[in-house]
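Trainee: Structure provided below as structure tokens; questions to follow.
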């Protein structure tokens, strides 16, 4: 599929009835696994990109170059539309956010998010006027590039549980040109329902971040259009590995291998590298 075709498919997912789930692979292999399961679109996870490199999550630790290289590998792994977690745009200024969107489109992505977190080690969010200008610049950069822009309000991730301000921010990002709106960490279904009712663009909600967890049907009935899982599948994978290896040390047994996916089945999900990419 061309980028234009992927973008068209991605837009269609946001306009059809009901909600769709967009899982978050952290490398090419997990992207191929999720595509084989049957998902229709994918999104990168900054947390997954970070921990797979042995780094903490956040723009202070993960460079734009590293994040976009991870995205390129995920894009190349399947024919599905891929959106990206682009952190805070990797800079304070609206111009830097616009540059990040341009680079993301060049990497093959058909969507991405700009958040209003400051990106610094102290946390916090930008003043709403600056945050909206950053989204506006990103939206201008997205025009004509087959790119669906998500505006993120980070209040609930940074100790600011203010639903009224969160809605005001999402409305400002909508006015600034965001195509999708996202406030990770909303506390309950009523808050999610209120956000969906107060904005005019599709709403993304993350599940797996923290309880309570709602079903796809419950979220769709609340007005949610898109559901992502953030870094929760990464945490699942790492927890499983931690438990298995700790059990080996504790008992000297290898019971974790009972009932695993056969190696041949896993290899069937992958692909051979072109001959010119092989060493020797």
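Residue numbers (the working numbering): 17 to 296.
Idealized CB from N, CA, C, for every residue including glycine.
What would DSSP say about residue 129, mapped onto helix, strand or coil?
Mentor: It is a strand residue.
Trainee: For residue 117 versus residue 157, is the C-beta spacing smaller than 8 Å?
Mentor: Yes. Within cutoff.
Trainee: Give me the residue from 145, 28, 143 and 166 with the minimum Cα distance to residue 154.
Mentor: Residue 154 has its Cα closest to that of 166, out of 145, 28, 143 and 166.
Trainee: Taking 8 Å as the threshold (C-beta atoms), are residue 207 and residue 173 in contact?
Mentor: Result no, Cβ atoms of residue 173 and residue 207 do not sit closer than 8 Å.
Trainee: What's the gap between the Cα of residue 75 and the Cα of residue 82?
Mentor: One C-alpha to the other measures close to 10 Å.
Trainee: Are three or more beta carbon pairs between the stretch 108-125 and the stretch 24-42 nearer than 8 Å?
Mentor: No: fewer than three Cβ pairs fall under 8 Å.
Trainee: Could you tell me the distance, in whole angstroms, from the CA atom of residue 265 to the CA atom of residue 54?
Mentor: Spanning the two alpha carbons is a distance of roughly 37 Å.
Trainee: Which residue from 192, 257, 140 and 274 puts its Cα closest to that of residue 175?
Mentor: For residue 175, the nearest C-alpha among the options comes from 140.
Trainee: Under 8 Å, do residue 70 and residue 42 count as touching if we go by C-beta distance?
Mentor: Not a contact, by the Cβ cut-off of 8 Å.
Trainee: Less than 8 Å between the beta carbons of residue 286 and residue 48, yes or no?
Mentor: Yes; because the gap between Cβ atoms is below 8 Å, this pair is in contact.
Trainee: Over the uninterrupted beta strand (DSSP E) stretch that includes residue 260, give me the two end residues.
Mentor: Not the beta strand (DSSP E): residue 260 falls in the alpha helix (DSSP H), residues 248-267.
Trainee: From the DSSP secondary-structure annotation, give me the bridge partner or partners of residue 167.
Mentor: Note: residue 167 sits in a beta bridge opposite 130 and 197.
Trainee: Residue 67 and residue 254: beta carbons closer than 8 Å?
Mentor: Against a cut-off of 8 Å, the Cβ pair of residue 254 and residue 67 comes out as a contact.
Trainee: Could you check the C-alpha separation between residue 196 and residue 122 for me, to the nearest Å?
Mentor: When rounded, the distance between both Cα atoms is 20 Å.
Trainee: By Cβ distance, which residues of its chain are closer than 6 Å to residue 296, with the 5 residues on each side in sequence left out?
Mentor: Bear in mind that the predicted position of residue 296 carries a pLDDT of just 48, short of 50, making it unreliable; the figure below should be weighed with that in mind. So no residue of the chain qualifies.
Trainee: Along the beta strand (DSSP E) that carries residue 15, what are the first and last residues, could you check?
Mentor: Nothing about residue 15 can be read from this structure; the chain reaches only from 17 to 296.
Trainee: Quick one: grab the DSSP three-state call for residue 75.
Mentor: Reduced to three states, the DSSP call for residue 75 is coil.
Trainee: Exposed or buried, which one is residue 256 when buried takes at least 16 other CB atoms within 10 Å?
Mentor: Answer is exposed; the Cβ neighbour count stays below 16.
Trainee: Compare the C-alpha of residue 241 against each of 27, 269 and 50 and name the closest.
Mentor: It is 27.
Trainee: Quick one: what does DSSP say residue 95 is sitting in, helix, strand or coil?
Mentor: Looking at residue 95 - three-state DSSP - the assignment turns out to be coil, as it is neither helix nor strand.
Trainee: What are the boundary residues of the beta strand (DSSP E) that includes residue 242?
Mentor: Here the beta strand (DSSP E) through residue 242 covers 242-244.
Trainee: Quick one: what does DSSP say residue 52 is sitting in, helix, strand or coil?
Mentor: Residue 52: helix per DSSP, three-state reduction.
Trainee: Here's the rule: buried if 16 or more other CB atoms are within 10 angstroms of the residue's CB, otherwise exposed. What is residue 247?
Mentor: Label assigned to residue 247: buried.
Trainee: Identify which residue in 128, 280 and 260 has its Cα closest to the Cα of residue 274.
Mentor: Nearest option by C-alpha distance: 260.
Trainee: Going by DSSP in three states, residue 29 sits in which element: helix, strand or coil?
Mentor: Of the three classes helix, strand and coil, the one that applies to residue 29 here is helix, per DSSP.
Trainee: Could you check the C-alpha separation between residue 193 and residue 159 for me, to the nearest Å?
Mentor: Taking the straight line joining both Cα atoms gives about 10 Å.
Trainee: Cutting at 7 Å between CB atoms, please list the residues of its own chain near residue 37, excluding the five before and the five after it.
Mentor: Around residue 37: 55, 232 and 243.
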